[in-house]
Amino acid sequence: MCSNMQELKQLVAYNRKKRSFHHYEINKVHGECQPMTNSEYKQVPVSGKTTYSKGKSHVYNAYWRGNNEKFDLKQFKKVIK
Numbered sequence: 000m001c002s003n004m005q006e007l008k009q010l011v012a013y014n015r016k017k018r019s020f021h022h023y024e025i026n027k028v029h030g031e032c033q034p035m036t037n038s039e040y041k042q043v044p045v046s047g048k049t050t051y052s053k054g055k056s057h058v059y060n061a062y063w064r065g066n067n068e069k070f071d072l073k074q075f076k077k078v079i080k
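With this note's numbering applied, the sequence shown covers 0 to 80.
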């Protein structure tokens with residue numbers, strides 16, 4: 000480690016140069032960063048707000064479908080058994 004401020008400044012400068020050189024080497028091999036092309040951008044899935052209506056839950060439609068039928072006591076006894 001560093002024992003004084005001067006050594007610390009030298010260490011920071013050395014690390015910056017090392018990082019810069021590493022970045023330069025990567026760019027030399029792979030090329031510089033470039034924006035996406037139209038064909039690449041179109042392949043990215045983007046989901047926004049939907050405009051279609053949401054389906055109602057079971058309680059709003061199927062749950063009350065047979066509610067208007069009349070039952071007598073004999074039918075209830077059959078159901079209980």
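For each residue, glycine too, the CB sits at the ideal point set by N, CA and C.
query                                                                                             : result
Which of the three DSSP states, helix, strand or coil, is assigned to R18?                        : helix
Just how far apart, CA to CA, sit K76 and R64?                                                    : 22 Å
Hey, quick one: how far does the alpha helix (DSSP H) through E39 stretch, first residue to last? : N37 to K41
Taking just the CA atoms, how far does Q74 sit from Y62?                                          : 20 Å
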